[in-house]
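For the sequence shown, counting from 1, position 91 maps to 91 in the working numbering; every step adds exactly one.
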Amino acid sequence: HFNDPLIREAFMKVIPRQEIVDKLIKPLQPEAEVRNSQVFLPGAEGYDESVAENGSADFAEVDIEGAKALLAEAGVVNPEVCMLFSSTNPRRANEFLLIQQSGALAGFNVTDCSSPDWGGLLGTPGAYDASLFAWQSTSLGVTNGPPPTFNSKGINNLNFYSNPEMDKLTDQLGKEFDPATQIDLQKQIDKLLWDDFYGVTIFQFPSVTAFDQNAIAGIAPSTLSPTIFWNIWEWTPVVAAP
Numbered sequence: 001h002f003n004d005p006l007i008r009e010a011f012m013k014v015i016p017r018q019e020i021v022d023k024l025i026k027p028l029q030p031e032a033e034v035r036n037s038q039v040f041l042p043g044a045e046g047y048d049e050s051v052a053e054n055g056s057a058d059f060a061e062v063d064i065e066g067a068k069a070l071l072a073e074a075g076v077v078n079p080e081v082c083m084l085f086s087s088t089n090p091r092r093a094n095e096f097l098l099i100q101q102s103g104a105l106a107g108f109n110v111t112d113c114s115s116p117d118w119g120g121l122l123g124t125p126g127a128y129d130a131s132l133f134a135w136q137s138t139s140l141g142v143t144n145g146p147p148p149t150f151n152s153k154g155i156n157n158l159n160f161y162s163n164p165e166m167d168k169l170t171d172q173l174g175k176e177f178d179p180a181t182q183i184d185l186q187k188q189i190d191k192l193l194w195d196d197f198y199g200v201t202i203f204q205f206p207s208v209t210a211f212d213q214n215a216i217a218g219i220a221p222s223t224l225s226p227t228i229f230w231n232i233w234e235w236t237p238v239v240a241a242p
């Protein structure tokens, strides 16, 4: 069904993004907000400007009637959406249930295709229609995100997304060194993804780090993978004075 952009748009309209954040993320981070960019991290340079222009505002709230109208226009009744996610992750399971309930109101039959081996199924044709998962950045470089993920030949392009304009933009981004031009290209990429109904972003993962300062020193959490463990060789035990 998702070969039809009308059905992709309809499904994006039923994702209860704010409800997911309110119920599943705010209990951990009360200031959490919905993430509205496929490219920029919240708080990063370019994020606010991109969000204002990328079209994500069209999916800020659930629009059941709008989704119904799009399905009617597409001539599809009760389309099934097999959703892949980690069966061992309670947060993902709860996300799925909220999406399933919302989708049913518009006529979508969202089915549970979860698996403990979900990661190995990503990019497998016919294994699922939609998925819940997150990327974990290992670099702040611009070539870490859009080119491998959204280029038709990208190694991380797990849903076979293909748009010649996107290939041109991501190829250009991979060769661009001017920071201002890099941001402009990323803004264009971000908007094109929303225009193509690629998918929706929901939230930025909260992170909780707990350790005993009286027992260990040298811990310096990082936002990049492997997060807390990036400098494990610098950790030292705290020895109490005799």
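Positions of the beta carbon are idealized from the N, C-alpha and C atoms, including for glycine. Since the model is a prediction, treat every value here as computed from it, not as a measurement.
Assign LEU84 to one of three DSSP states: helix, strand, or coil. Within the sequence shown, residue 84 is the residue found at index 84, counting from 1. Look at LEU84 here: in three-state DSSP terms it is strand.
For GLN136 and LEU28, what's the separation of their Cα atoms in angstroms? On the sequence shown, position 136 is the one that residue 136 refers to. On the sequence shown, position 28 is the one that residue 28 refers to. So the alpha carbons of these two residues sit roughly 19 angstroms apart.
Got a sec? Which residues, its chain only, sit under 7 angstroms from VAL200 by beta carbon, not counting five neighbours each side? On the sequence shown, residue 200 is found 200 positions in, with the first residue counted as 1. A distance below 7 angstroms between beta-carbons, with the five flanking residues on each side excluded, links VAL200 to the following residues of its chain, in chain order: MET12, ILE15, ARG17 and PHE59.
Note the first and the last residue of the continuous beta strand (DSSP E) segment covering THR111. For this step, residue 111 is matched to residue 111 along the sequence shown. 109-112 is the extent of the beta strand (DSSP E) around THR111.
PRO30 and GLN204 closer than 8 angstroms at C-beta: Counting from one through the sequence shown, the residue named residue 30 turns up at place 30. Counting from one through the sequence shown, the residue named residue 204 turns up at place 204. No, these two residues do not count as a Cβ contact at 8 angstroms.
Evaluate the contact criterion for the region 64-71 versus the region 92-112: three or more CB pairs, one atom per stretch, below 8 angstroms. The region 64-71, when compared against the region 92-112, does touch it at the 8 angstroms Cβ threshold.
With DSSP as the reference, label ALA27 as helix, strand or coil. Against the sequence shown, residue 27 aligns to sequence position 27. The amino acid occupying residue 27 in the given sequence is Pro; Ala does not appear at that position. If DSSP states are grouped into helix, strand and coil, PRO27 belongs with coil.
For the region 71-80 against the region 166-184, are there 3 or more C-beta pairs whose distance is under 8 angstroms? Flag = no, the region 71-80 and the region 166-184 do not touch.
Could you check whether GLY174 and THR143 sit closer than 8 angstroms to each other, using their CB atoms as the reference points? As a position in the sequence shown, residue 143 is number 143, starting the count at 1. As a position in the sequence shown, residue 174 is number 174, starting the count at 1. Result yes, Cβ atoms of THR143 and GLY174 sit closer than 8 angstroms.
So what does DSSP say about PRO5, is it helix, strand or coil? Counting from 1 along the sequence shown, the entry for residue 5 is found at position 5. Reduced to three states, the DSSP call for PRO5 is helix.
Return yes when the Cβ of LYS191 is within less than 8 angstroms of the Cβ of GLU49, no when it is not. Taking the first residue of the sequence shown as 1, we reach residue 49 at position 49. Taking the first residue of the sequence shown as 1, we reach residue 191 at position 191. Pairing GLU49 with LYS191 gives a Cβ-Cβ distance that is not under 8 angstroms.
Under 8 angstroms between the Cβ atoms of LYS23 and ALA32? Position 23 of the sequence shown, counted from the start, is the residue given in the question as residue 23. Position 32 of the sequence shown, counted from the start, is the residue given in the question as residue 32. No; because the gap between Cβ atoms is not below 8 angstroms, this pair is not in contact.
I'd like to know whether the C-beta atoms of ASP195 and GLY46 end up nearer to each other than 8 angstroms. The count along the sequence shown starts at 1 and reaches residue 195 at position 195. The count along the sequence shown starts at 1 and reaches residue 46 at position 46. Their beta carbons are not under 8 angstroms apart, which means ASP195 does not touch GLY46 by this criterion.
Residue environment, ASN214, which counts as buried when at least 16 other CB atoms sit within 10 Å: Locating residue 214 in the sequence shown gives position 214, counting from the first residue. Answer is exposed; the Cβ neighbour count stays below 16.
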